[in-house]
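Read in order, the letters of the sequence shown correspond to residues -7 to 244 in my numbering. Since the structure comes first, as structure tokens, the remarks are kept for the end.
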Amino acid sequence: MARPSTVVFDDVPPQAASKEPPTVMPPVVMTKFRKKSLRCILIAPAFVSRFPLSLNLVTVSSLDEIVEDEERIFLSRVPKSIEMHLQASKSIPGGVPSSWASSRPTPVWVSHGNGAYVWDVDDNRYIDFHAGYGANVVGHANPSVVAAVQKRVTQGTHFAQPTSDSIVVAEELSRRFGLPQWRFCNSGTEATMDAVHLMRVITGRDLIIKVEGSYNGHHDSVAISIFRSAEELGPADKPWRTPGAGIPQAIA
């Protein structure tokens, strides 16, 4: 499987499209515009060989067609993921355990991982740039992590009471980052919710600054203006606030 690569186009000669395109997984596409032409895209190698790309030819419309073509190729390679997604949709809302696992054109159901790689249920191998939201910084199935987890499982897994492991981790985090106090949370949403509560107590203010177009958890204080279309942005000096579904307008 070919690895994605970053390509900056100022001009691409026609001979770039002369070779037979390799089979690749769908690319991540990022765009930056200069006037009406495409300035830069993060793209898979098959695009370079399949299409005679040029700043004068690649537009938003043609880029959508390229993405649709690559998605069709992708769907042909993940029949088991499609099947599992349909099965999961009968018992899990959206067909995925977490909304963030939902992706176009279909979620990829992972079978296993090792080091920097993961395999899906169709046995396609991927380079994992996601790392479980950063939790797997030492890679999948790291021998030291496997040994520690196996040892812990034999001694019990969940007590809802303090254990010595929490002291070991907190002291190591303090040593590494120079912050004396650490509170462990089950999710990023819980962490930002506690942080907002602390800020309000310390400052005596109710209002907080929320980064527009950014996800900071799904509690009421921050589930606002996460995904914004151009029509929803509003004036640059006073952007509109767009609460997520179920968030009262009064809170936003």
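All C-beta atoms, glycine included, are put in the ideal place defined by N, C-alpha and C.
Buried or exposed by the 16-neighbour rule on C-beta atoms within 10 Å, applied to residue i
i	result
A215	buried
K230	exposed
F66	buried
P99	buried
D112	buried
S158	exposed
S213	buried
Alpha-carbon to alpha-carbon, residue j and residue i
i	j	result
E253	R69	Outside the displayed span of the chain (-7 to 244) sits residue 253, for which this structure offers no information.
I58	R96	14 Å
Q241	W232	12 Å
T234	S217	5 Å
H77	N128	24 Å
S156	I74	43 Å
G209	R117	30 Å
G226	Y207	19 Å
K143	I200	43 Å
P172	S166	5 Å
V203	R168	27 Å
F219	A237	12 Å
H189	I239	18 Å
H132	T149	20 Å
M185	S91	19 Å
Nearest to residue i (by Cα), restricted to the options the options
i	options	result
G107	E182, V137, A80, R64	V137
V160	V110, W174, L190, G148	W174
V130	A237, Y109, R144, Q142	Y109
G124	S221, G105, P85	G105
K72	V102, E60, P154, A93	V102
According to DSSP, residues forming a beta bridge with residue i
i	result
I274	Residue 274 is absent from the model: the chain starts at -7 and stops at 244.
P235	I216
H77	In the DSSP output, where bridge partners are listed per residue, H77 has none listed.
V102	D112
H132	G107
Any C-beta of chain B under 8 Å from that of residue i
i	result
P71	The question asks about chain B, but that chain is absent: this structure has only one protein chain.
Completely contained alpha helix (DSSP H) runs for the stretch 139 to 198, where each covers 4 or more residues:
List check, alpha helix (DSSP H) in window: 156 to 169, 180 to 195.
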